[in-house]
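In what follows, a structure is listed as structure tokens, so that the remarks can point back to it.
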Amino acid sequence: MSDKNGWWSRATAVFNQNGGPWGSRDSEGAPDEPSGGPRNPWDLPPKGGKPRTGRGAASLDELQQRMRERLGGGGSGGDGGSGGGFPSIPGGPALRLGLFAILALWLIFTCFWRIAYNERGVVTRFGAYHRTLESGIGMTLPWPFEAVAKVNVTDIRELKMPMSGTNFVLTGDQNILDLDYTVRWSIADPELYKFQLADPEGTIQEVAESAMRAVVSRASFAGAVGTQRDQIEQEVRQQMTRVLAGYHSGIRIEGVAIINAVPPQEVNDAFRDVNAAQQEAQGQINNAKTYAQQVIKRAQGEAASFDKVYEQYRLAPGVTRRRMYYETMEEVLSNVDKTIVETPGVTPYLALPEMKRRLPEPPATTGGR
Amino acid sequence: MDRFLSSPTRLIFALLGVLVVIGSTLSFVPETRQGVVVRFGEPVRIINRYKVGEAIGASGAGLYARIPFAEQVAWIDKRVMSVDMDSQEVLSTDQLRLQVDAYARYRIVDPLRMYRTARTEKRLNEQLRPLLGSALRNELGKQSFAALLSPERGAVMNNIRKGLNLTASQYGVEVIDVRIKRAELPEGTPRNSAFERMRTARKLEADTLRAEGWRESQVIRANADAEAAKVYAASFGKDPSFYDFYRAMQSYRQTFISTDPKNPKAQTSIILSPGNDYLREFRGGGN
């Protein structure tokens, strides 16, 4: 009888050591324990109501010590009575050691939390939000009373849009744009992030897509491709921030970056042609400028040389004129074939050049005529 | 009692029994859920119901006890959820087609009503989807194509949200907002004709650029010619007769002197009459 009582109270004692709410219930938990029964050395009266963090370690020590005593005592309580009691079960101590180890592991793994420098631990007690652990070592009640969800609050996450394929977006002037962009975001408020949105990442993705399209639909194609990119990025970011704040999402949008805004493949050639036309037009203009330089410089050169000659000519017009005439004629006539025909009635044989050229073959010439 | 508990097997069963009773009595209400307590199929209470502006941690979440076995809790999500509409073709007032992809964000604010009408979140989602689709079509069908792309989209979205809210409130749902995710020209003819329009617009731009280049180059050339003519006139105009002579001399050199180095004499033959001015002195003083 006493033996049976012993293991029951030990069982309750094990629960007592948990430091859980069981402890407070001890008196009701074993109401049928005879008050006069032999008290097991384990069976300390519960220390009382509310469990406190930190007590776990202390009580663990006590528990261990008592365990040692108990093992050393070698079943002093158990006199090998019939059936039931722990002490009489072969391998009993090993079983208890195992239970103890499980208990210890349970406490270690569910009471102590290492929160890294970039994390916060959101603590829920019985499912309700209780507090947030800062970085460092944090302590909670063991599972299932409290649970911790770690949330990384400094990492900037990147979301690539589109996930795959092309992403056609209509611009304000009803052109189609192929748009790639990324959204960088982080968690600003771990509690809101944990509890407010059913699907945070999906939400960000949808909000990004919607905001980007809304903003691009106000921009012109040329603006979206080039000049207004910065402005579009800013506006998308603001709009996303506004929408996500409306959802109480606890998400901060760090930035939106357009990676690629290009015309779709189907019309790319036409866009290339515009570039080509630009180059061609510039080329034509350059050619014309070259021509202009040549013509003007030449005119200036010729005019300058005429002016020089004319200056001298003015000093002695008659002489200069004759000199220039003779010099020119001399040069001309000294380099050409000349024939002087005295009598007015003589008709020159005009095929002279042909004859001269064919001199090496005289018979052909005569035969020819 | 003691006798009953004396067997380890019985003890284990007893413990299990206790656990089952505890498990069916106590439940942890998480922050993210609200519960409808159902007693014999009849909803009797709501726990952790969503309240506007409620601070986290101050809600009805936490430990909750109910009558074991008689009462069950149907859990309903408390967070903002999304219903995603399948892509739909919408016809604008000016008979243009637009492929629209939209989503609505909603929250279950009346879990009891939601439980009565849809029971599970999945079914609720399935029922909201066609509602969103029809609200969207109704409203967008009243808009011109340009308005669908333009800043008025905000007002359009608001109307859709209001329209959807009217029907969705039957399910105990509050629609937070409706947004168009994608608005595209449908594949096939509409998109191809848009591409064609873009192409022709580019061609116009390209051809205009070329024509402008040509025009500008012509102007540059003409200006240069004019400038040259001015320079010539300013210089040669000082003595036209001398210019005539001077230029003639230059021209003779240019035309009559062979520039072919192989055959310097072969190019030109000149037949001179003795009366030629060059031969005046050749005749011997007969002025």
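Quick mapping for you: the protein sequence lines, in order, are chains A and B. Note that the working numbering gives residue 280 to position 277 of the first sequence, counting from 1, and the numbers run on in steps of one. Note that the working numbering gives residue 314 to position 49 of the second sequence, counting from 1, and the numbers run on in steps of one. We put the CB at the ideal spot given by N, CA and C, even for glycine.
Query raised in the report: Quick one, which of I536(B), F501(B) and R518(B) has its alpha-carbon nearest S308(A)'s?
Result: For the set I536(B), F501(B) and R518(B), the Cα lying nearest the Cα of S308(A) is the one of F501(B).
Report task. Taking G249(A) as the reference, give the member of R372(B), F293(B) and I312(B) with the closest Cα. Result -> Scanning R372(B), F293(B) and I312(B) for the CA closest to the CA of G249(A) turns up R372(B).
Requested in this report: Would you mind stating whether K292(A) and I485(B) have Cβ atoms separated by less than 7 Å?
Outcome: For K292(A) and I485(B), yes; Cβs fall inside 7 Å.
Query - Where the beta strand (DSSP E) containing L162(A) begins and where it ends - result: Judged by DSSP secondary structure, L162(A) falls within the beta strand (DSSP E) whose first and last residues are R160 to M164.
Requested in this report: Quick one: grab the DSSP three-state call for R314(B).
Outcome: Three-state DSSP puts R314(B) in coil, outside helix and strand.
**Report entry** Residue span of the alpha helix (DSSP H) that contains W109(A), given as start and end
**Finding:** Per DSSP, W109(A) belongs to the alpha helix (DSSP H) from G95 to C114.
Query raised in the report: What did DSSP end up calling G229(A) once you bin it into helix, strand or coil?
Result: Three-state result, G229(A): helix.
Query raised in the report: Name the residues in the region 339-360 of chain B whose C-beta lies less than 7 Å from a C-beta of chain A; which are they?
Result: Listed in sequence order: D342, R344, V345, M346 and S347.
Query raised in the report: Just how far apart, CA to CA, sit D359(B) and M422(B)?
Result: Distance between the alpha carbons of D359(B) and M422(B) is about 19 Å.
Query - Partner residues on chain A for M490(B), Cβ-Cβ distance less than 8 Å - result: For clarity, residue 490(B) is Asp in the given sequence; the question names Met instead. Among the residues of chain A, those whose CB is under 8 Å from the CB of D490(B) are V298, following chain order.
Query raised in the report: Cβ atoms of K341(A) and I522(B): under 7 Å apart, would you say?
Result: Between I522(B) and K341(A), the C-beta gap is not smaller than 7 Å, which leaves the two residues out of contact.
Query - K300(A) classed as buried or exposed, judged by whether at least 16 other C-beta atoms fall within 10 angstroms - result: In the assembly as shown, K300(A) is an exposed residue. Its beta-carbon has fewer than 16 other beta-carbons within 10 Å.
Query raised in the report: Does the beta-carbon of G75(A) have 16 or more other beta-carbons within 10 angstroms, so that it is buried, or is it exposed?
Result: Caution applies to G75(A), whose pLDDT of 47 falls short of 50 and renders its modelled position unreliable; the value that the coordinates give is listed next. Classification of G75(A): exposed, given that the 10 Å Cβ count is below 16.
Requested in this report: If I'm right that V443(B) touches R462(B) with Cβ under 8 Å, what's the distance once you round it to whole angstroms?
Outcome: Between V443(B) and R462(B) the beta-carbon gap is near 30 Å, outside 8 Å, which marks them as no contact.
Query - A264(A) versus I445(B): straight-line alpha-carbon distance, rounded - result: So the alpha carbons of these two residues sit roughly 21 Å apart.
Query raised in the report: Under a three-way DSSP split, which group does R326(A) fall into?
Result: Shown here, R326(A) sits in a helix according to DSSP, grouped into three states.
Query raised in the report: Between the Cα of R384(B) and the Cα atoms of L361(B), A400(B) and I341(B), which residue gives the shortest distance?
Result: Minimum Cα distance to R384(B) is reached at I341(B).
**Report entry** Among V338(B), G288(B), S458(B) and A433(B), nearest to Q177(A) - alpha-carbon criterion
**Finding:** Minimum Cα distance to Q177(A) is reached at S458(B).
Report task. Measuring only between beta-carbons, confirm whether L144(A) sits less than 7 Å from chain B. Result -> No, no contact with chain B.
Requested in this report: Out of M166(A), A295(A), P145(A) and A214(A), state which residue places its alpha-carbon closest to the alpha-carbon of E492(B).
Outcome: Nearest neighbour of E492(B) by Cα position, chosen from M166(A), A295(A), P145(A) and A214(A), turns out to be A295(A).
**Report entry** G130(A) vs F293(B) beta-carbon contact at 7 Å
**Finding:** When the beta-carbon positions are compared, G130(A) and F293(B) come within less than 7 Å of each other.
**Report entry** Three-pair Cβ contact test at 8 Å for the region 120-128 of chain A versus the region 187-197 of chain A
**Finding:** Yes: the two stretches touch, three or more of their Cβ pairs being nearer than 8 Å.
Query raised in the report: Hey, is the region 150-168 of chain A in contact with the region 361-377 of chain B, meaning 3+ C-beta pairs nearer than 8 Å?
Result: No: the two stretches stay apart, fewer than three of their Cβ pairs being nearer than 8 Å.
Requested in this report: Check the Cβ of R447(B) against every Cβ in chain A and list those closer than 8 Å, keeping chain order.
Outcome: What R447(B) touches in chain A: E212 and R216.
Query raised in the report: What number of angstroms, rounded off, separates the C-alpha of Q281(A) from the C-alpha of A489(B)?
Result: The straight-line gap from Cα to Cα measures roughly 23 Å.
Requested in this report: Return no unless some Cβ of chain A is closer than 7 Å to the Cβ of A487(B).
Outcome: Output row for A487(B): interface = no.
Report task. Rank Y316(A), G258(A), G139(A) and R216(A) by C-alpha distance to the C-alpha of I159(A) and give the top, closest one. Result -> Ranking the options by Cα distance to I159(A), first place goes to G258(A).
Query raised in the report: Checking contacts by CB at 7 Å: is E161(A) closer than that to chain B?
Result: Not an interface residue.
Requested in this report: Measure the CB-CB distance between T432(B) and L396(B) and report whether it falls below 7 Å.
Outcome: A contact, by the Cβ cut-off of 7 Å.
Report task. Can you give me the start and stop residues for the alpha helix (DSSP H) that D310(A) sits inside? Result -> In the DSSP annotation of this structure, the continuous segment of the alpha helix (DSSP H) that includes D310(A) starts and ends at N271 to L318.
Query raised in the report: Shortest alpha-carbon distance to H133(A) belongs to which of A302(A), G139(A), A119(A) and E149(A)?
Result: Scanning A302(A), G139(A), A119(A) and E149(A) for the CA closest to the CA of H133(A) turns up E149(A).
Query raised in the report: Which residues in chain A sit within 7 Å of S500(B), going by Cβ to Cβ distance?
Result: For S500(B), the neighbours in chain A by C-beta distance under 7 Å run, in chain order, A306, F309 and D310.
Query raised in the report: Should F334(B) be labelled buried (16 or more other beta-carbon atoms within 10 Å of its own) or exposed?
Result: Using a 10 angstroms sphere on the CB of F334(B), the tally of other CB atoms stays under 16, which defines it as exposed.
**Report entry** Within chain B, the residues that N3(A) reaches when beta carbons sit closer than 7 Å
**Finding:** This structure leaves residue 3(A) out entirely; chain A is present only between 4 and 372.
Query raised in the report: Any beta-carbon of chain A closer than 7 Å to the one on E546(B)?
Result: With 7 Å as the cut-off, E546(B) does not count as an interface residue toward chain A.
Query raised in the report: With DSSP run on the structure shown, which of helix, strand or coil describes Y497(B)?
Result: In the structure shown, Y497(B) adopts helical secondary structure according to DSSP, grouped into three states.
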